[in-house]
Every structure is written in C-alpha cells, then in structure tokens.
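Engineer: The opening residue of the sequence shown carries number 1152 in my numbering; numbering runs sequentially from there.
C-beta atoms are modelled at their ideal positions from N, C-alpha and C, and glycine is treated no differently.
Structure below; questions to follow.
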Amino acid sequence: MKIQNIHVFDGQNVLEGLYDVFIQNHRISKICVHDPASGGCEEEILDAAGRWLLPGLIDLHVHLTWNGKEDPAADITHSTREENMLETVSNALKYLKHGITSVRDLGSPDDAALHVGKAIEKGQIAGPRIFATGMSLIMTGGHDPFHGLSVDGPWEALKGVRTQVKKGAKVIKISATGGVYGRESGESVDDTELRQEEVDMIIDEAHRRKVPVTAHAIGEKGIRACLAAGIDCIEHGHFIQPDMARQMAEQNTALVPTLYVYRNLAQNPDIPAYARKKSLEVVQQHSKAANCACREGVLIGTGSDAGSPNTPHPSLLEEILAMEQAGFSRIDVLRAATSNAAKILGMNGKLGTVSEDAFADLLIIDGNPAEDLQALKVPYAVIADGRLYYSINQN
Ligand SMILES: [Zn+2]
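Structure, rendered in structure tokens:
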C-alpha cells in the first residue's frame, strides 16, 4: 500500500514538505519525499491530497469493562461475568474508528481486557492493540476492589505479580493510594494503601519478569513510596512535588496525568456525589503537578481513564484538549499521545512513530494537528496493523 502526497507528523515533529509512505507486511517499509511523477505500480494507492499523517493515537489509561455511565462500578457489580465480557468487547470496538490504535487497560474484572486483547491479537475481532494488566494488585479493602486482586504481605504481592504475568499481563498495576471514585467511605486519596515492602516486592519481581509497573497514586506519601521502589509510571499524580518530579525525570518514571477525568468528575452533577466532592478537593492541584513534571523533563503520556463515571469510550480527544488547556504545548501533547506513550508501553520505535520499520498504525486527518488539535476529531482514514481499517469515503 502507498499513501501519497501527505504531510507528516512523525511522532516527534512536523516534517517539512510532502511525503509518500509505503506499507508492507504490517509495517512502514519506506518513506520518501513525494514524487508526483512516480506511479504506484501494483500497489494500492491512497492519494491523501495534502492531508496529514500521524502515528495512531495511544490511550494509556482505559477501563474497557466500565461503561462510562454515571456509576460504572455499580453496573459491573450488578452484571454477570458474561455481560461484563460483552461490555468489554463492545467498548474495545469503539476505538479504531477514532484513530486510537493502542490502549493500555489498567484494570478489568476477571481479566476481561486481557482476554479481549488476546482475541484481537489472534485476529478474531478487529480492535486496537490492548496492553492490559487484567486484575490490578491492591491491599485487602484497597482502591478499586471491583477489579483488584487482594495481596497482603510481600509474599502474596510476589504471587500476585506472578499470577498476572502468567495470564499474559503486559503491565502490572497497583493501587498505591485511595481514589476519588471507588468506595463511598473508608477511602481517601491521602491514604497510602500497599505498604513499602509490598510495593518493593511487586516492582522487584515484575522487573525480574521484564514487565513494567504502574500505580494509581494521588497522595504525596503513596507516590513517594512508589518512586523509592523504582516504579516505571505514575497514574494521576495530583500531589507530585518539584523534588519528586526531578526524581521521576532522573530515574525515568513516567507520568500519565489523566487531567480530563478529574475535571469532569468535579463538574458533573450526574456522578456519585462523594466522587464529585473528592474530585473538587484535588483538581486544582492536578494541572500544577502535571506542568511541574513537564518542566522537569518527566516523560508524559496521554490517558483518559475512559470507562470511569461519565467518561465514555473513547475520551482521548478530551484528554488531549485538557492537556492543552492546562498549559502543555500542542507539540508536547501530540508527542504524549504518540511517541511518549509508545515509550511508556515499551514499544519505542515500533508504535507512536511514522518511521521505517515501525508498525503501520496510522491516522490521516484533514488539518495540521500542531496548529489545531481539534483536527484529530474526525479522522479521514485509519490504518491499523498495515490495513486500511476506516476511510471516511467508504463509511
Ligand atoms: Zn483508572
């Protein structure tokens, strides 16, 4: 396949001029300056007429089993396992059309997202690449029990890591602190949940198995415990202080701030009142921490927390716009949604980039996203794993 006559944002920068991009065997085989005289030979040609090509977008924080309505945790609790599995499949199917070609699922009951990810990998259904954790690791009574595997003490923590790795988890997710959405009482964002020795064991064992670890972490003490143990990524990170941001940059701990979902939780009257109240308490702090991390050079990726209350699948564009509104430059936001996110997935050079040998997960849009991020809203075409999945002309 050949995509011709197109501008390129390559995951890092907007390239000068127009290009022709060749795809073979799922990958980008060649990129060259557009040559109007060259034919396509036997290739399938997509003439982009000066549109914009960028890497398929990556959402690093989703919950495919949650439905994104007013109280998804209550909904899954009242549904059967089979119903939850179908919900997971139907939500996964919503992503590709919007140009989101990879997602990282950070918690699903019965490991539903892990199973759906495998079905997509086998080609049984067409969906985004899913980098799933399956069940997250939490203390007994900890944050997000709906998809949590309770581990108490270092040896259970070790067993938890091994259990999830055996099931095929691409990342281990832990609840390091309480959250705003979760349980109505008995949970606070300042609470440190897993103990230091449990966090240490989880990260040490996961790294022995070459699997990264990320943490739901809002309060300062909980984030510090994760950083001390050498965690790979922090989710949310509302109370990151400047010295912590410097530590993150030095030890390559990434941040997925998920700004949109907390603003939305704080403002929306339709979600559970306790969650709204707790969001309001932390939302001011949130953009301050994310900007501080950005200034200190922390690797930052986009994550929407889609599936959470009133946060439907997909909500990545909303997160992208929230980051811009919080003060991130457009080019930084675009990097966060492509090359940075791929690095956080351990897929540097393979995803999140328009470069030779990378997987051909690509998005074609009408305008320059570096000038207006809204250009991402309605894709002109989406190519997933080297195949044209969606084109506005055919749908
Ligand atoms: Zn989440």
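Look at the alpha carbon of residue 1350 and the alpha carbon of residue 1344, and state the distance between them as a whole number of angstroms.
Structural biologist: 10 Å
Engineer: Which residues bound the beta strand (DSSP E) around residue 1170?
Structural biologist: Its beta strand (DSSP E) spans residues 1170 to 1175.
Engineer: Near residue 1307, what residues of its chain come up, given a Cβ to Cβ distance below 6 Å and the 5 sequence neighbours on each side ignored?
Structural biologist: none
Engineer: Looking at residue 1338 and ligand 1, is the gap between the Cβ and the nearest heavy atom below 8 Å?
Structural biologist: Residue 1338: no, Cβ never under 8 Å from ligand 1.
Engineer: Do the CB positions of residue 1453 and residue 1210 come within less than 9 Å of each other?
Structural biologist: yes
Engineer: What three-state label does DSSP hand residue 1462 in the structure shown?
Structural biologist: coil
Engineer: Cβ of residue 1548 within 8 Å of any heavy atom in ligand 1?
Structural biologist: This structure does not reach residue 1548, given that the chain is present from 1152 up to 1546, and the question cannot be answered.
Engineer: With distances taken between CB atoms, is the gap from residue 1250 to residue 1486 smaller than 9 Å?
Structural biologist: no
Engineer: Can you say whether residue 1201 is buried or exposed, counting buried as having 16 or more other CB atoms within 10 angstroms of its CB?
Structural biologist: exposed
Engineer: Quick one: give me the first and last residue of the alpha helix (DSSP H) that residue 1311 is part of.
Structural biologist: 1305 to 1318
Engineer: Would you list the residues sitting across from residue 1153 in a DSSP beta bridge?
Structural biologist: 1173, 1196
Engineer: Taking 9 Å as the cut-off, decide whether the C-beta atoms of residue 1247 and residue 1332 are in contact.
Structural biologist: no
Engineer: Pick out whichever of 1489, 1544, 1507 has its Cα sitting closest to the Cα of residue 1527.
Structural biologist: 1489 is the residue among 1489, 1544, 1507 whose C-alpha sits nearest the C-alpha of residue 1527.
Engineer: For residue 1441 and residue 1477, which I take to be in contact (beta-carbon distance under 8 Å), what is that distance rounded to the nearest angstrom?
Structural biologist: 6 Å
Engineer: Taking the beta strand (DSSP E) that residue 1299 falls in, what are its first and last residues?
Structural biologist: 1299 to 1301
Engineer: Do the CB positions of residue 1365 and residue 1323 come within less than 9 Å of each other?
Structural biologist: yes
Engineer: Measuring CB to CB, does residue 1473 end up less than 9 Å from residue 1465?
Structural biologist: Taking a C-beta distance under 9 Å as the contact criterion, residue 1473 and residue 1465 do not qualify as a contact pair.
Engineer: Is residue 1238 near ligand 1, going by C-beta to nearest heavy atom under 8 Å?
Structural biologist: no
Engineer: Starting from the C-beta of residue 1212, find all residues in its chain whose C-beta is less than 7 Å away, skip the five residues before and the five after it, and write them out in chain order.
Structural biologist: Sequence-distant partners of residue 1212 (beyond 5 residues in either direction) whose C-beta falls short of 7 Å from its own C-beta, in its chain, are 1255, 1257, 1386, 1407, 1409, 1454, 1455, 1456.
Engineer: Going along the chain, which residues of its own chain have a beta-carbon closer than 7 Å to the beta-carbon of residue 1178, five neighbours each way excluded?
Structural biologist: Once the five neighbours on either side are set aside, the close Cβ partners of residue 1178 are 1508, 1509, 1510, 1511, 1537.
Engineer: Contact criterion: CB-CB distance below 9 Å. Does residue 1187 meet it with respect to chain D?
Structural biologist: Among the chains in the structure shown there is no chain D, since it carries only a single protein chain.
Engineer: I need the boundaries of the beta strand (DSSP E) containing residue 1255, first residue and last residue.
Structural biologist: DSSP places residue 1255 in the uninterrupted beta strand (DSSP E) bounded by 1251 to 1256.
Engineer: Say yes only if the C-beta of residue 1212 is nearer than 8 Å to one or more non-hydrogen atoms of ligand 1, and no if none qualify.
Structural biologist: yes
Engineer: For residue 1386, name the three-state secondary structure that DSSP assigns.
Structural biologist: In the three-state reduction of the DSSP assignment, residue 1386 falls in the strand class, which pools E and B.
Engineer: Does residue 1117 pass the burial test, meaning 16 or more other C-beta atoms within 10 Å, or should it be called exposed?
Structural biologist: With the chain represented from 1152 up to 1546, any question about residue 1117 goes unanswered, as that position is not in the structure.
Engineer: Cβ of residue 1294 within 9 Å of Cβ of residue 1338?
Structural biologist: yes
Engineer: Do you know how far the Cα of residue 1428 is from the Cα of residue 1311?
Structural biologist: 33 Å
Engineer: Should residue 1221 and residue 1423 be called a contact, given that it needs their Cβ atoms to be closer than 9 Å?
Structural biologist: yes
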